[in-house]
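Structure first, then comments.
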Amino acid sequence: MGENMIVPVPESWAGQGAVDAATYAADHARSIADSDGFWRDQIGRLDWVKTPTRMDESDFSESNFQIRWFADGRINVSANCLDRHLAERGDATAIIWEPDDPTAAPRHISYRALHAEVCRFANVLKAAGAHRGSRVTLYLPMIPEAAVAMLACARIGAIHSIVFGGFSPDALAGRIQDCDSTIVVTADEGRRGGKRVPLKANVDAALPHCPSIETVIVVPATGADVPMRAGRDLRYDAAIAAASPDCPPEAMDSEDPLFLLYTSGSTGKPKGVVHSSGGYLLWAAMTHQLCFDYRPGEVFWCAADVGWVTGHSYIVYGPLANGATTLMYEGVPNWPSAARIWQVVERHRVATLFTAPTVLRSLMKEGDDLVLSTDRSSLRLLGSVGEPINPEAWRWYHAVPGEGRCPIIDMWWQTETGAGMIAPLPGATPLKPGSATFPLPGVEPRLLDGEGAVLEGAADGNLVIARSWPGQMRTVWNDHDRFFQTYFTTFPGYYTTGDGARRDADGYWWITGRVDDVINVSGHRMGTAEVESALVLHPKVAEAAVVGMPHELKGQGIYAYVTLNAGDEADEALRRELVQWVRREIGPIATPDAVQFAPGLPKTRSGKIMRRILRKIAEGEIGALGDISTLADPAVVDDLVANRVMA
Ligand code: ATP
Ligand code: MG
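172 is the number that UniProt numbering gives to position 172 of the sequence shown; each next residue is one higher, with no gaps.
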């Protein structure tokens, strides 16, 4: 679907991007043919305490397995994000903070001010016993102190582990226990969409199960009166005021861990993904510059939460390493109304907005008027990440918010990859709605069939990566064997992404969804994303999720969960219409066997549909739904179970 639709590089972008098409092609080819040479040229993007002479020493084979880059380099990540910018742009804004409450005042924090605060907080952490290699858990709302805490850990070489502020005390406790952190940095409360989140109370509920924690540092974000435990709890503001602003950055080995982060848990128990210092930062900085063509003075807004890897790489590390002005938004895109996201763009003259398909679908169903009521003339680029973007949502994003002017950067990557992997470069890559386009320099994707044979040309298969890249995760915290088993044994010699993809006749890459979600109908392999995109194309459908179900004749049948737009009625006639609609859009082979209307879909807290639960319900295995602790709203599951459709 849409494979032949090409959106050319707009006039206004021709020759304007960081690189042009020929340079991209030459860089990509060199990054594979002369990897060492290519990376020797790239390391100058960062300031090293000791410049590495060794480049990629990774090996995916079982006998010599290791992921290692720039091994003799030494670096400090916070110095790269702060100190090196002070001379040239110390007074430029590093962080613009937009509060949840639209009537409250935004904050502008300069590089100089951020540097001073990070140094002070680094000294606070040291005084609380943090040191090189120790773990610090951050459980914070989207406030500037989250970035301060991350960079302060990086300054002294402590490893941060951010736990998204929407997680429960249980989820927090599990993530603290897994890495034995000794410090939690939290806030009295968080604000999101007009509501208060009781962060400190959640920490208090989690800590009886977390004997490793010695100190809790509490940022007064709302000023709520929260109980403080003497001897354990410190106030952030008082501690900062008493701390010295002088804290020399620790010279870390390039391979020392910068942070660990638990995956969002769409497919199973979250894994503690470990990222390195030098390789990770280089990958975040390089991809931020190439994909978003960052220009000094521009406002860059990644509308994710720092609790997800997207927030790590594109709110904090990538932009700050490049000296950018990064916007940090405390709230949610559609509060107080679906116009908010565009009002923030207008208020801060945002040049680049990077968000997720789930957000776009929810905004799209509210109609265009709210978008059109705002001035989006500052926008130059729009990004999408997190799930395959349905061509319908792509075209809307491009035409309405982007006024047809802004390239859509659909970036495919994973917590495990550190930053972007497959994405267009603005000004260089003609786009196809729904395709992540081409691999970035340094990335060598392949398609394999089920037996591991390499597929050439136009093909559909398992997406694997054939060589390491600097931002690759180094291990699963405390479980190196799980790391190897999970990612390197399905197809020996490759990093297995777990995602399926198609390469079309023009060489464009299309992510078809997770391999576990591929449906095999009468011998035809079908990505769930394709059927979902067909459903979303229907004017009454806001969102759809498709899974396989056992089917006597076909092997697998297609079970579709459909959420309608506000105001549209679910009835038998519409059910039949949708079945016909998909038949017409894709073909009879894709005819859904069951359509269930669902007021809500089970989503992770990062907004991704958890298909594994939908699969269980479709299969009738409602007693074995598995871990649902990472669901944003576990109550939707009851409705889904109650209204299950028998095919
Ligand atoms: P878990 O690994 O714990 O099950 P998760 O895979 O949802 O959780 P993330 O690392 O946040 O955790 O998400 C990465 C996944 O998101 C990718 O493997 C892919 O399935 C999907 N994804 C991300 N970006 C895109 C994109 N641009 N197009 C298609 N899919 C994407
Ligand atoms: Mg994953």
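Note that CB positions come from ideal geometry on N, CA and C, so glycine has one too.
Since the structure is predicted, the reported quantities are computational estimates derived from the model, not experimental observations.
Assign residue i to one of three DSSP states: helix, strand, or coil.
| i | result |
| --- | --- |
| T137 | strand |
| L578 | helix |
| G555 | strand |
| G600 | coil |
| Y508 | coil |
| I176 | helix |
| W97 | strand |
| residue 660 | Any answer about residue 660 is impossible in this case: the structure gives the chain only from 1 up to 647. |
| N4 | coil |
| W13 | helix |
| N565 | coil |
| L86 | helix |
| G278 | helix |
| L199 | helix |
| N520 | strand |
| S161 | strand |
| H131 | coil |
| D253 | strand |
| E366 | coil |
| V515 | helix |
| P52 | coil |
| P169 | helix |
| A92 | coil |
Would you say residue i touches the ligand MG, meaning its beta carbon is less than 8 angstroms from a heavy atom?
| i | result |
| --- | --- |
| Q472 | no |
| F190 | The identity of residue 190 in the sequence shown is Gly, whereas the question assumes Phe. Not so, every heavy atom of the ligand MG lies at least 8 angstroms from the Cβ. |
| G44 | no |
| G607 | no |
| G498 | yes |
Mind checking whether the beta-carbon of residue i lies closer than 8 angstroms to any heavy atom of the ligand ATP?
| i | result |
| --- | --- |
| M526 | no |
| E416 | yes |
| G386 | yes |
| P410 | Residue 410 is actually Asp in this sequence, not Pro. At least one heavy atom of the ligand ATP is nearer than 8 angstroms to the Cβ of D410, so yes. |
| P270 | yes |
| S264 | yes |
| R107 | no |
| V518 | no |
| G513 | yes |
| A453 | no |
| A436 | yes |
| I389 | yes |
| V274 | no |
At which residues does the alpha helix (DSSP H) containing residue i begin and terminate?
| i | result |
| --- | --- |
| Y236 | 236-242 |
| D41 | 35-42 |
| V636 | 635-642 |
| L381 | Taken as a continuous stretch (DSSP letters only), L381 belongs to no alpha helix (DSSP H), being part of the beta strand (DSSP E) at 381-384. |
| M150 | 144-156 |
| F121 | 111-127 |
| L260 | First-last for L260: 257-262, but that is the beta strand (DSSP E), not the alpha helix (DSSP H). |
| A529 | 528-536 |
| I613 | 611-619 |
Is any heavy atom of the ligand GDP found at a distance shorter than 8 angstroms from the C-beta of residue i?
| i | result |
| --- | --- |
| A303 | The ligand GDP is absent from the structure shown, which contains only the ligand ATP and the ligand MG. |
Between residue i and residue j, is the Cβ-Cβ spacing less than 9 angstroms?
| i | j | result |
| --- | --- | --- |
| Y262 | D178 | yes |
| A130 | T182 | yes |
| A436 | A505 | no |
| A393 | P357 | yes |
| E569 | V546 | no |
| M421 | P439 | yes |
| residue 649 | S78 | Shown here, the chain extends from 1 to 647; a query on residue 649 therefore has no answer. |
| A419 | T287 | yes |
| L463 | G434 | no |
| A304 | V197 | no |
| L82 | L114 | yes |
Looking at the secondary structure, which residues open and close the beta strand (DSSP E) in which residue i lies?
| i | result |
| --- | --- |
| H209 | Looking at the DSSP string, H209 is not in any beta strand (DSSP E), and its letter there is neither H nor E. |
| T497 | 495-503 |
| R191 | 190-192 |
| A79 | Here A79 belongs to no beta strand (DSSP E), and DSSP marks it neither H nor E. |
| I589 | Unbroken run through I589: none, as it is neither H nor E. |
| I183 | 183-187 |
| T215 | 215-219 |
Can you list the alpha helix (DSSP H) stretches of 4 or more residues lying completely in the region 283-363, in chain order?
-> 318-321, 340-348
Entirely enclosed beta strand (DSSP E) segments - the region 418-503, minimum 3 residues | 445-448, 459-465, 495-503
Runs of beta strand (DSSP E) lying entirely within the region 369-410, each at least 3 residues, in chain order = 381-384, 408-410
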